[in-house]
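Colleague:
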Ligand SMILES: Nc1ncnc2c1ncn2[C@@H]1O[C@H](COP(=O)(O)OP(=O)(O)OP(=O)(O)O)[C@@H](O)[C@H]1O
Ligand SMILES: [Mg+2]
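Residue numbers (the working numbering): 8 to 259.
1) Where residue 219 and residue 240 are concerned, what is the direct C-alpha to C-alpha distance, given to the nearest angstrom?
2) For residue 144, which residues of its own chain have a beta-carbon under 8 Å away from its beta-carbon, when the five flanking residues on both sides are left out?
3) May I ask you to check if the CB of residue 57 is nearer than 6 Å to at least one heavy atom of ligand 3?
4) Write down every uninterrupted run of the alpha helix (DSSP H) in the segment 101 to 158 whose length is 4 residues or greater and which is fully enclosed by it, in chain order.
5) With respect to the alpha helix (DSSP H) encompassing residue 236, which residues constitute its N-terminal and C-terminal limits?
6) Let me know if residue 168 comes out buried or exposed under the rule of 16 or more other beta-carbons within 10 Å of its beta-carbon.
7) Say yes only if the C-beta of residue 130 is nearer than 6 Å to one or more non-hydrogen atoms of ligand 1, and no if none qualify.
8) Can you tell me whether DSSP reads residue 186 as helix, strand or coil?
9) Measuring only the C-alpha atoms, how far is residue 154 from residue 215?
10) Just tell me which of 28, 116, 122 and 213 has its CA closest to the CA of residue 46.
11) How is residue 49 classed by DSSP in three states: helix, strand or coil?
12) Compute the minimum distance between the beta carbon of residue 54 and the heavy atoms of ligand 1, and state whether it is under 6 Å.
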């Protein structure tokens with residue numbers, strides 16, 4: 008490959024021998040992967056495969072049990088603060104603050120990143136527009152529907168204008184319109200150079216958004232490639248490839 012092109016390929020995440028135990032349970036089993044700057048990278052796999060665990064380690068929520076994990080070239084064990092400042096996270100579970108309104112949730116979250124109040128207020132309104140929640144700005148979190156909470160979590164993940172956005176099942180529970188609208192937002196973020204890592208159970212989502220996917224099963228990566236290459240290599244659509252590689256059956 009062209010040397011100039013090669014030198015431009017910067018890895019945002021690199022893992023070597025990444026392993027995670029919860030007590031005796033090996034949730035992530037010795038995995039290696041690299042995610043390049045600007046890439047949209049997806050983790051697919053059945054419930055319990057280890058996807059959320061891998062994400063949690065990348066965003067420095069918990070340390071690996073073994074192996075090396077570098078984000079922006081820094082070790083997650085040594086520089087968690089610097090790494091976290093440059094990442095946005097949309098978690099699988101809703102952890103919005105029920106004591107605050109929709110708008111306040113964004114403004115309060117911005118404080119963790121030392122963003123001044125006047126800037127955070129402007130950003131918060133822009134983000135509410137981005138996820139189509141302006142009309143809900145003053146309502147309490149308890150009054151939001153499940154899909155609205157997912158969209159607010161996406162907005163909150165963008166408060167610090169992250170270089171790397173981590174999305175754990177970003178469109179689970181969304182109606183078809185909201186799902187398409189989130190896909191569109193993610194495309195826009197990708198166009199401006201944001202690196203995206205997501206998990207999904209929707210093969211269409213993976214096919215449409217991801218440059219490459221890792222299919223995980225029982226803590227291991229069983230395949231890693233572009234959706235197109237995986238389909239060419241194994242035949243059939245991505246769902247067929249997924250079922251084949253994870254040993255699952257449609258009727259199971
Ligand atoms: N905090 C925890 N303590 C103990 N075990 C855990 C913990 N979190 C996850 N596990 C276990 O680790 C394994 C991987 O879980 P993980 O949440 O990473 O899976 P996942 O691929 O994200 O699944 P899902 O598709 O259901 O979200 C599972 O066996 C799970 O029961
Ligand atoms: Mg999960």
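Using N, Cα and C, we set each Cβ at its ideal position, and we do this for glycine too. This one's a predicted model, so the numbers in the text were calculated from it and none came from an experiment.
Modeller: For this structure:
1) Numbered from its first residue, the chain shown carries residue 219 at position 212. Numbered from its first residue, the chain shown carries residue 240 at position 233. For residue 219 and residue 240, the distance between alpha carbons rounds to 14 Å.
2) Looking up residue 144 in the chain shown gives position 137. Correct list, in chain order: 108, 109, 110, 132 and 135.
3) What this structure holds is ligand 1 and ligand 2, not ligand 3.
4) 109 to 118 and 124 to 137
5) Here residue 236 refers to the residue found at position 229 of the chain shown. Residues 234 to 241.
6) Residue 168 sits at position 161 when you count from the first residue of the chain shown. Label assigned to residue 168: exposed.
7) Within the chain shown, residue 130 is the residue found at index 123, counting from 1. No, the beta carbon of residue 130 sits no closer than 6 Å to any heavy atom of ligand 1.
8) Taking the chain shown and counting its residues from 1, one reaches residue 186 at position 179. Three-state DSSP puts residue 186 in a helix.
9) By one-based count along the chain shown, residue 154 stands at place 147. By one-based count along the chain shown, residue 215 stands at place 208. If I take the Cα positions, the gap works out to 21 Å.
10) By one-based count along the chain shown, residue 46 stands at place 39. Residue 46 has its Cα closest to that of 213, out of 28, 116, 122 and 213.
11) Within the chain shown, numbered from 1, the residue matching residue 49 stands at position 42. The answer is strand: DSSP assigns residue 49 an E or B state.
12) Position 47 of the chain shown, counting from 1, holds the residue named residue 54. Annotation for residue 54 indicates a beta carbon within 6 Å of some heavy atom of ligand 1.
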